[in-house]
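The structure appears right after this line, and notes come after that.
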Amino acid sequence: MQTLIISLSETITPGVESDATLIRAKWLITDSGGLPQSEGEDALSVVTEHAAHCRVIVIVPSEQVLITHVKTQARKAQQLAKAVPYALEEDLAEDIEQLHFALGPRLIGDEYAITVVAHAQMQAWMELLKSASISPRMMIPDIFAIPYIEGAWSLLLESHRAVLRTEPYQGTAIEPDNVLAILNAISNQVAEHPESLAVYRCDKDATTVRLSELPYPCSETRDCPPALFAAGLNEKYSINLLQGRYGIQDDTLKKLKPWRLAAALLAIWLVISIGTGVIENLRLEREDQAIQARIGQIYRGTFPTGQDNLHSDTQRIQMEQRLNELQGAPSGTTQEADFMSLMNTTGQAIKSSPNVTIQTVTFRDSSLEMNLQSDNWQSLENIQKSIAKQGLSATIGAADTRGTTVSAQLLIKGNSS
Numbered sequence: 022m023q024t025l026i027i028s029l030s031e032t033i034t035p036g037v038e039s040d041a042t043l044i045r046a047k048w049l050i051t052d053s054g055g056l057p058q059s060e061g062e063d064a065l066s067v068v069t070e071h072a073a074h075c076r077v078i079v080i081v082p083s084e085q086v087l088i089t090h091v092k093t094q095a096r097k098a099q100q101l102a103k104a105v106p107y108a109l110e111e112d113l114a115e116d117i118e119q120l121h122f123a124l125g126p127r128l129i130g131d132e133y134a135i136t137v138v139a140h141a142q143m144q145a146w147m148e149l150l151k152s153a154s155i156s157p158r159m160m161i162p163d164i165f166a167i168p169y170i171e172g173a174w175s176l177l178l179e180s181h182r183a184v185l186r187t188e189p190y191q192g193t194a195i196e197p198d199n200v201l202a203i204l205n206a207i208s209n210q211v212a213e214h215p216e217s218l219a220v221y222r223c224d225k226d227a228t229t230v231r232l233s234e235l236p237y238p239c240s241e242t243r244d245c246p247p248a249l250f251a252a253g254l255n256e257k258y259s260i261n262l263l264q265g266r267y268g269i270q271d272d273t274l275k276k277l278k279p280w281r282l283a284a285a286l287l288a289i290w291l292v293i294s295i296g297t298g299v300i301e302n303l304r305l306e307r308e309d310q311a312i313q314a315r316i317g318q319i320y321r322g323t324f325p326t327g328q329d330n331l332h333s334d335t336q337r338i339q340m341e342q343r344l345n346e347l348q349g350a351p352s353g354t355t356q357e358a359d360f361m362s363l364m365n366t367t368g369q370a371i372k373s374s375p376n377v378t379i380q381t382v383t384f385r386d387s388s389l390e391m392n393l394q395s396d397n398w399q400s401l402e403n404i405q406k407s408i409a410k411q412g413l414s415a416t417i418g419a420a421d422t423r424g425t426t427v428s429a430q431l432l433i434k435g436n437s438s
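Anchor point for the sequence shown: position 182 equals 203 in the numbering used here, and the numbering is continuous, going up by one each time.
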């Protein structure tokens, strides 16, 4: 499939309606192999004609985007979406509610690449494109469209601006008059210096910056967007701004013929219907096995001298009878600190926390003592509160945390204990 690259170099001001017939954009079409086919510069409303049968990538000015890194221990996409704004809040002048955060890849350890842009700016770009009937698949800051060369920095020089790319996910837009000062400032901050500076010259008079003044050996190429962007854009080393509320939904299913869509839906329904029954049976079987194993575990932990080959129902009955004998009460008449009553209440509480497992169980002096394990402390506290609501005394004793595993002792007593 062909790809249409649109370079929106003009400033699109948030809150000001932009006319697609007046906004000009440079464009280039590449074939499926990435080779240029045609290019030009037209009003955005004219570029619409090329977008109809192409995959569209829009390149936007990096002046409007903050490209940075953030450290967070969050891993899942939903957790990252919540954690990243607050991790950067102190470094941002604007309210994070007014900003759009587009997440890049995980770099080293807990560090992620991130881009930040005002919602108002994103909405201005999206409304302009919508007015021209253009639906982009990607929207990328132009820093990521400048060629990245390992061991080197890349510098695009235009008449009115300059863009510097120092790493795959790092760079900045610069006023032409400040290029030398910014380069020197960055050089004083980085631990590793580039071997060279690849300069892509697109300033007409070629006097914006004197290469001899730059702090690194330079290789100069007369190359301009959008051809430069088409050659330099590597989607693997870029961050798509179209995430979250701006994400583009895949319309593949919409293009299917009606009979193919109906057949696909029928197949999905059959798979779900059959699969749900199989999964439910397997789940019930696993739960039953787990319950039988737990009863046996409790039996052996409470009565070490008992027989191991008894059925779980027999083990339960024997435990109830022997405990009633130890407490001096006839079978079925104990009301408080009764083993089965305690176990029933505790079991219901633990059942509601599937991430909690029983390690050992001991019954003595009308009290039930359990050693539990969980992947979080909150689950243990929830079990304690659930038992307490049933009128029993539940206390969390000695606890230990190793890595992500929490071990704790839970002591349950009846009302009169």
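From the three backbone atoms N, C-alpha and C, an ideal C-beta is built for every residue, glycine too.
Residues that R423 bridges to, as DSSP identifies them: T426
Start and end of the beta strand (DSSP E) containing T383? T378 to R385
Quick check: N403 and S428, are their CB atoms within less than 8 Å of each other? no
For L177, count neighbouring C-beta atoms within 10 Å of its own C-beta (all shown protein chains included) and say buried if the count is 16 or more, exposed if not. buried
What is the DSSP secondary structure of Q394, reduced to helix, strand or coil? strand
Neighbourhood of V200 by C-beta distance below 7 Å, restricted to the same chain and skipping five residues each side: A183 and V230
Grab me the residues of T187's own chain with a C-beta within less than 7 Å of its C-beta, minus the 5 sequence neighbours each way, in chain order. W174 and I207
Would you please state the rounded distance, in angstroms, between the beta carbons of I80 and S28? I believe it to be under 8 Å. 5 Å
When A95, V91, Q142 and F122 are compared against E38, the one with the closest alpha-carbon: Q142
From Q356 to E306, what does the alpha carbon distance come to, in whole angstroms? Interpretation of Q356 is limited by its pLDDT of 42, a score under 50 that renders its predicted location unreliable; no figure is taken from the coordinates.
Tell me, to the nearest whole angstrom, how far the beta carbon of G265 is from that of H74; I am working on the premise that it is less than 8 Å. That pair is no contact at about 28 Å.
Specify the secondary structure class of P57 as computed by DSSP and reduced to three states. strand
Report, in whole angstroms, the separation of the C-beta atoms of A251 and T69, which I expect to be a contact under 8 Å. In fact, because the Cβ distance is near 19 Å, the residues do not count as touching under 8 Å.
Look at G172 and E216 and say whether their C-beta atoms are less than 8 Å apart. yes
Give every residue of the same chain whose Cβ lies closer than 6 Å to the Cβ of A108, excluding the five residues on either side of it in the sequence, and list them in chain order. V91 and T93
6 Å Cβ shell around I319 - same chain, five flanking residues per side excluded: V382
Relative to the alpha-carbon of I379, which residue among S66, W48 and I371 has its alpha-carbon at the smallest distance? I371
Leaving out five residues before and five after N261 in sequence, what residues of the same chain have Cβ atoms less than 7 Å from its Cβ? A123, M159, M160 and I161
Is it right to say Q405 is buried, meaning 16 or more other beta carbons lie within 10 angstroms of its own, or is it exposed? buried
Would you identify the three-state DSSP class for K275, choosing helix, strand or coil? With a pLDDT of 46 at K275, under the threshold of 50, the modelled position of this residue cannot be trusted; read the value that follows with caution. Looking at K275 - three-state DSSP - the assignment turns out to be helix.
What span of residues does the beta strand (DSSP E) with H140 cover, start to end? Here H140 belongs to no beta strand (DSSP E); instead the alpha helix (DSSP H) covers H140 to S152.
Can you have a look at T242 and say buried or exposed, based on whether 16 or more other CB atoms are within 10 angstroms of its CB? exposed
Below 8 Å on the Cβ atoms is my contact criterion, and I expect Q430 with G418 to pass it. Report the Cβ-Cβ distance as a whole number of Å. 4 Å
Under 8 Å Cβ to Cβ from R45, same chain only, skipping five residues before and after it: list those, please. E31, E62, D63, A64 and L65
Apart from the five residues on each side of it in sequence, which residues of its chain come closer than 7 Å, Cβ to Cβ, to G36? A141
Pull up the distance between the alpha-carbon of E179 and that of R222, whole angstroms please. 7 Å
In this structure, what does DSSP give as the bridge partners for T24? T51 and R76
Residues bridged to A123 [DSSP beta-bridge criterion]: T136
Those residues which DSSP pairs with L218 across a bridge: W174 and C239
Beta strand (DSSP E) segment containing P35, residue limits: Counting along the chain, P35 falls outside any beta strand (DSSP E), and DSSP gives it neither H nor E.
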